[in-house]
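S.K.:
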Amino acid sequence: PAELLELEIGESVAMDQPTAALAIIDRLRALGVRISIDRFGTGHSSLACLQRLRLHQLKIDGSFVAGVAGNPGDAAIVAAMISLAHELGLQTVAVGVESEAQRVFLHRRGCDQAQGHLFSQPLPAERFAACVHDFGRYGVPASQRLSLAGSQG
Numbered sequence: 114p115a116e117l118l119e120l121e122i123g124e125s126v127a128m129d130q131p132t133a134a135l136a137i138i139d140r141l142r143a144l145g146v147r148i149s150i151d152r153f154g155t156g157h158s159s160l161a162c163l164q165r166l167r168l169h170q171l172k173i174d175g176s177f178v179a180g181v182a183g184n185p186g187d188a189a190i191v192a193a194m195i196s197l198a199h200e201l202g203l204q205t206v207a208v209g210v211e212s213e214a215q216r217v218f219l220h221r222r223g224c225d226q227a228q229g230h231l232f233s234q235p236l237p238a239e240r241f242a243a244c245v246h247d248f249g250r251y252g253v254p255a256s257q258r259l260s261l262a263g264s265q266g
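Going by the working numbering, the letters in the sequence shown line up with residues 114 to 266, in that order.
1. Is it buried or exposed for residue 151, if we count other Cβ within 10 angstroms and need 16 for buried?
2. Measuring alpha carbon to alpha carbon, tell me which residue in 119, 206, 138 is nearest residue 126.
3. Does DSSP put residue 239 in a helix, in a strand, or in coil?
4. Express the C-alpha separation of residue 236 and residue 245 in angstroms, rounding to a whole number.
5. Could you name the residues of the same chain whose beta carbon sits closer than 6 angstroms to that of residue 192, not counting the 5 residues immediately before and after it, in chain order?
6. Taking the C-alpha atoms as reference points, what is the distance between residue 226 and residue 208?
7. Got a sec, what are the start and stop residues for the beta strand (DSSP E) residue 152 sits in?
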């Protein structure tokens with residue numbers, strides 16, 4: 114089913130051609146496809162454009178996530194991105210999470226999801242298939258579980 118498909122659009126693509134992006138996003142949404150904006154904050158972000166695009170998810174670029182534990186400026190920007198996204202009805206994903214301190218910061222700020230080397234290094238296709246199979250059989254082990262905004266973890 115289409116609702117299981119999520120496509121990412123790079124921020125620069127969405128912001129450089131907002132009218133074309135909106136038309137494509139609207140057609141995909143009508144099919145049930147979920148849309149994320151990737152690398153948010155690294156290009157020519159327009160908050161008005163972000164609202165008009167009617168996305169599902171905002172992916173916070175790893176260049177901001179990298180500094181949340183030690184750089185007050187990055188921490189403030191990421192916290193503001195999470196808050197803004199939630200106010201617009203978007204889920205948030207932090208990209209490039211590599212440390213427990215980053216995960217804790219994001220959890221405390223209400224970030225919905227995270228991805229990065231803290232959870233797994235890139236995997237070959239065969240190993241990924243085995244992980245998906247194990248996930249279906251056993252669920253995610255507590256040591257690997259991450260629920261930044263939910264009741265788990």
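Built from N, CA and C at the ideal position, the CB exists for glycine as well.
M.R.: The relevant details are as follows:
1. By the neighbour-count definition (other C-beta atoms within 10 Å, threshold 16), residue 151 is a buried residue.
2. That would be 138, whose Cα lies nearest to the Cα of residue 126.
3. When DSSP states are grouped into helix, strand and coil, residue 239 belongs to the helix group.
4. Counting only the Cα atoms, residue 236 lies some 11 angstroms from residue 245.
5. Beyond the five residues adjoining it in sequence on each side, residue 192 comes within less than 6 angstroms, by CB distance, of 222 in the same chain, given in chain order.
6. Between the C-alpha atoms of residue 226 and residue 208 there is a straight-line separation of about 9 angstroms.
7. According to the DSSP assignment, residue 152 belongs to the beta strand (DSSP E) that extends over 147 to 153.
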